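Single-structure report; data block below.
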Amino acid sequence: MTSKLPNATETVCLAELFHQMADPTRLTLLLCLLDGEKCVCDLSAEVDVSLSAVSHQLRSLRIAALVSGRRDGRHIFYSLADDHVRILVSTGLEHIRE
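Each residue of the sequence shown is one higher than the last, beginning at 9 in my numbering.
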């Protein structure tokens, strides 16, 4: 089977995707979001990291299109951006557990 290699731009984007997921705090946030949408305060309590640190990491994940946010009053609720992110994180976890 012959596969076409990605172009330089796609390779850089893919490297950035994995770079974002390589940070333990950001990866932990993604793992928490496998359960569904959560607000910043709930994520902060769940990962035992300050609100400002969680917000900073979520901003990076949002820029990388790994999470999306929804405002409800004073709170922003975050979720995984799409099923591709869910599959990527879930498959990675499954792989290391084998």
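Glycine included, each C-beta is placed from N, C-alpha and C at the ideal position. Values in this document were obtained by computation on a predicted structure and should not be read as measured data.
C-beta atoms of residue 74 and residue 61 nearer than 7 Å: no
Contacting residues, own chain, Cβ-Cβ under 6 Å from residue 15 (five flanking each side not counted): none
Among 46, 69, 35, nearest to residue 80 - alpha-carbon criterion: 46
Beta-carbon proximity check, residue 55 vs residue 36, cutoff 7 Å: In contact: residue 55 and residue 36 (Cβ atoms closer than 7 Å).
Straight-line gap, residue 13 to residue 82 (C-alpha atoms, nearest Å): 45 Å
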